[in-house]
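Going by my numbering, 1014 is the number at position 31 of the sequence shown; the sequence numbering is gapless. A quick write-up on the structure given underneath.
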Amino acid sequence: MDKLKEADLYKGELIPINGKLVERYNKCLVKLGFTETNLTSFFIDGIGWSPEVAEEKKETHYLNNGEANPHCIIITPLQNGLPVYNPFHSFDIELMKQVFKTHRKKIENITRDSAICVDFDQDIDVFYEPLDVLKYDNITVKFRLIDNLDEAKEEQLKLIKLFKKDNNFIDESIHKQLLDSANKYGDLRERSLKLKDIQYTVDSFYTEAFGGVFVIKSFLSPILIFENKKAYKEAIQDTTHDVLMYHISQRELIEKLRSHLIIECDLESDMTLKRYERIKKFLLFESLSEIGHPIKDILDDPVLFKSYLNKIDIKARKKVMSVDRYLEKKKTNKKTKIEDMVDDDAYFALHNPHSSLKPNEQDLIWQLIITIAPKDILFLYWYDKEQFYKKYKKWDDSMQDWVINTIKKSF
């Protein structure tokens, strides 16, 4: 992954945690019911998740108490605006925006000498069956401080009030209690340590629960799209909910999404054609077996591209060039059908979220499209970084170079 790091494409916005901050981070882990990390330094993202701690614990979502109870750790105000690299829910990023928008100044104050444990409470203690994801409605974001700093402030204020009462100012035991509290916590009298709960209403979303589920709510009946076949087969046995359910591999899913104005595709638009150039090159790469040149040169050099295109079998050639063939055929025969000419993978990959959708819904649908047909390496990087990283590791050096160059050119 060194080349990705050098290109600033691999978790480049993580911030370092070391020294005293590690101690505070561990206190948060314990307060949330987890075990401490043995690491003395690591990096975290906007939600307090660390790739190094995840690797140490051999658990990607180590900040979850089960699939229904995700948490966050705020250790520094520098987390404000950072990416969330491994969100369990698609709305985790929006939740963090709301947290810092609402409590930014208080977070800056508190994290001078403390840290904040955050609970994303959706009133679901445990998931029992796949359709439990329909219970996501309103989430209450709750905050707890390590060392119970807010409670320590209340205790200090009570001691001060007691100290001022009658002749208590000469009571040495009260003096000692005040000094002990001040030595341990500092002067908390003017500190703003109360963080009010935040209410967040859940719209359409993706969750990694049950192997990955897209929940699209903006219609008369919700649409659930499962990545895991076992979860899908269990869910369709439920007849008590008025929902539409699909497995992500079902071809009729695309038609249903189009008919519900969730996705659309215009093969002749400029943006689609630009994406098609990337997809076409990736499809050729997938079709190659015997290679005598670097992949980067084959995909970027028009002469080499044509040379290798003619080396693959006719079926693969038609797949790679299916959109070109369709657009050319359509010029002479308006009745030419897309499904008769264009490869399914390429066609699905070239869809867009419908223009009528709200921005957050469009992001969700982009993630869905790239999950169904991960053929555009740029959009895969944008919308599913973990899947991108897994694929990247399997490519040879030359393909990695082409991918990095393609992504960098888009910035």
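Don't be surprised by glycine CBs; every beta carbon is placed ideally from N, CA and C.
- About 15 Å separates the beta carbon of ASP1367 from that of GLN1345, a gap too long to meet the 8 Å contact definition.
- Taking a 10 Å sphere around the C-beta of VAL1082, we find 16 or more other C-beta atoms and assign the residue as buried.
- Sixteen is the threshold: when 16 or more other Cβ atoms of the shown chains lie within 10 Å of the Cβ of THR1094, as they do, the residue is buried.
- In terms of Cβ geometry, ALA1192 and GLU1050 form a close pair [threshold 8 Å].
- In its chain, beyond the 5 residues on either side, TYR1189, ILE1208, LEU1351 have a beta carbon closer than 6 Å to the beta carbon of PHE1197.
- Under the 10 Å beta carbon count, GLN1062 is surrounded by 16 or more other beta carbons and is classified as buried.
- Apart from the 5 residues on each side of it in sequence, HIS1044 sits with its Cβ closer than 6 Å to the Cβ of PHE1071 in its chain, given in chain order.
- Around THR1059, the same chain offers THR1094 as residues with beta carbons nearer than 6 Å, after the five sequence neighbours per side are excluded.
- Taking the Cβ atoms as the reference, ASN1343 lies roughly 21 Å from CYS1248, outside the contact range of under 8 Å.
- Taking ILE1076 as the centre and dropping the five residues before and after it, the same chain places the C-beta of VAL1067, PRO1070 closer than 7 Å to its C-beta, in chain order.
- Judged by DSSP secondary structure, LYS1125 falls within the beta strand (DSSP E) whose first and last residues are 1121-1128.
- Here GLN1233 carries a coil assignment [DSSP, helix/strand/coil].
- It is roughly 19 Å from the alpha-carbon of ALA990 to the alpha-carbon of ASP1359.
- DSSP places HIS1086 within a helical segment (H, G or I) once states are collapsed to three.
- Sixteen is the threshold: when 16 or more other Cβ atoms of the shown chains lie within 10 Å of the Cβ of LEU1240, as they do, the residue is buried.
- Residue ASP1221 holds the alpha-carbon nearest to the alpha-carbon of PRO1113 among ASP1221, LYS1377, GLU1322.
- In this structure, DSSP gives ASP1104 an extended state, which the three-state scheme calls strand.
- Shown here for ILE1295: same chain residues with a beta carbon closer than 6 Å to its own, the five before and five after excluded, namely SER1270 in chain order.
- Judged by DSSP secondary structure, PHE1209 falls within the beta strand (DSSP E) whose first and last residues are 1206-1209.
- Around the beta carbon of ILE1278, 16 or more other beta carbons sit within 10 angstroms, so the residue counts as buried.
- Under the three-pair Cβ rule at 8 Å, the stretch 1258-1275 does not count as touching the stretch 1227-1241.
- Fully contained in the stretch 1234-1288 are the following alpha helix (DSSP H) runs of length 4 or more, in chain order: 1235-1242, 1253-1270, 1278-1283.
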